[in-house]
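Trainee: Handing you this structure, nothing more for now.
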Amino acid sequence: MDSKFWDNVYESKSENGVSWYQEMPKHSLDTILSLNLPSTAKIIDVGGGRSKLSECLYEKSFNDITVLDISEAALLKLKETFNEKLPDNQISIITSNIVEAKFSEQFDLWHDRAVFHFLTNPEDQKKYVELLLNSLKPNGYFLISTFSKKGPNKCSGLEICQYDKDDLVSKFSKLELIEFGTEDHHTPFGTVQNFTNCLFKKSN
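When we follow the working numbering, the leftmost residue of the sequence shown carries the number 67, and every step to the right adds one.
Here's what the structure looks like:
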């Protein structure tokens, strides 16, 4: 993935001018809240530079949130939002390609909506899985959403990989599948994108 490409996307388009925009990240938020994690749980939102999930989680009293994005432009806009709406927040920001990221801590929950499906190189996919396994605490959760086999085969002009439940279970075979479902995302442009959603758990 190219950081300059994504910086251009976020610098040239409004917040709701991208297909993945959600006014409310309902599925992700509802799933995370259903886990009854403590407010001190360490949560990372991968690719969440312009997502409202981190803001929603802070409003639900979670106070140890990290947001990683390849786009510095997206993260700068996220910082502006937090400084305006939640000036006392302690959000952590990491600018990095996920397959090159290094973490100094482990997480109770790793959230990924529409990042993994951009990794079309099998070696990058392996790096992602290895980083995930090393970065999740025992009993930690992994919540992932990708385009399904009924979804688009491109996003922002880039090729993606479509996944169904069996594909994701195979990719993340060292984790236990807890929940599975599909979801229609209605874009700001009136189109519908079908997602595969899976919740996994790392063993103790």
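We put the CB at the ideal spot given by N, CA and C, even for glycine.
1. If distances are taken between C-alpha atoms only, which option among P91, N260, F184 comes closest to K118?
2. CB-CB under 6 Å to L234, same chain, minus the five flanking residues each way: which ones, in chain order?
3. Quick check: what's the CA-CA separation for K192 versus L199?
4. Pull up the DSSP beta-bridge partners for G247, would you.
5. Between which two residues does the beta strand (DSSP E) holding Y207 run?
6. May I ask which residues mark the beginning and end of the alpha helix (DSSP H) holding L134?
7. Three or more C-beta pairs closer than 8 Å, one from the region 163–177 and one from the region 139–152: is that the case here?
8. Following the continuous beta strand (DSSP E) through H177, name the residue where it begins and the one where it ends.
9. Could you tell me which residues DSSP puts in a beta bridge with C221?
10. Which term fits D154, buried or exposed, when burial requires 16 or more other beta carbons within 10 angstroms of its beta carbon?
11. Where L241 and Y207 are concerned, what is the direct C-alpha to C-alpha distance, given to the nearest angstrom?
12. Nearest by alpha-carbon distance to F255: which of D174, Y87, I164 is it?
13. One question on the structure: do G114 and S105 come within less than 8 Å of each other, judged by their Cβ atoms?
14. Pairing CB atoms from the region 171–191 with CB atoms from the region 146–161, are three or more of them under 8 Å?
15. Since T147 is in the alpha helix (DSSP H), which residue starts that stretch and which ends it?
16. What did DSSP end up calling D233 once you bin it into helix, strand or coil?
Mentor: Inspection of the coordinates gives the following:
1. Here the question's residue 118 lines up with position 52 in the sequence shown. Answer by Cα proximity: P91.
2. As a working note, residue 234 is residue 168 in the sequence shown. Within the same chain, L234 has close Cβ partners C264.
3. Within the sequence shown, the letter at position 126 stands for residue 192. Within the sequence shown, the letter at position 133 stands for residue 199. Whole-angstrom Cα-Cα distance: 11 Å.
4. For this step, residue 247 is matched to residue 181 along the sequence shown. G247 is bridged to N263.
5. Start at 1 with the first residue of the sequence shown, and residue 207 comes out as number 141. That run of the beta strand (DSSP E) goes 202–213.
6. Counting from one through the sequence shown, the residue named residue 134 turns up at place 68. L134 -> not in any alpha helix (DSSP H); beta strand (DSSP E) instead, spanning 131–135.
7. no
8. Start at 1 with the first residue of the sequence shown, and residue 177 comes out as number 111. Where H177 is concerned, the enclosing beta strand (DSSP E) stretches over 173–179.
9. Start at 1 with the first residue of the sequence shown, and residue 221 comes out as number 155. DSSP, once it has assigned bridges, lists L224 as partnering C221.
10. Working through the sequence shown from its first residue, we reach residue 154 at position 88. Classification of D154: exposed, given that the 10 Å Cβ count is below 16.
11. As a position in the sequence shown, residue 241 is number 175, starting the count at 1. As a position in the sequence shown, residue 207 is number 141, starting the count at 1. L241 and Y207: Cα-Cα distance of roughly 9 Å.
12. Counting from one through the sequence shown, the residue named residue 255 turns up at place 189. If we check each option's Cα against that of F255, Y87 comes out closest.
13. The residue labelled residue 114 in the question sits at position 48 within the sequence shown. The residue labelled residue 105 in the question sits at position 39 within the sequence shown. Cβ distance not < 8 Å, so G114 and S105 don't count as in contact.
14. no
15. In the sequence shown, residue 147 corresponds to position 81, counting from 1. Residues 138–151.
16. Stepping through the sequence shown from its first residue, residue 233 is reached at position 167. Of the three classes helix, strand and coil, the one that applies to D233 here is helix, per DSSP.
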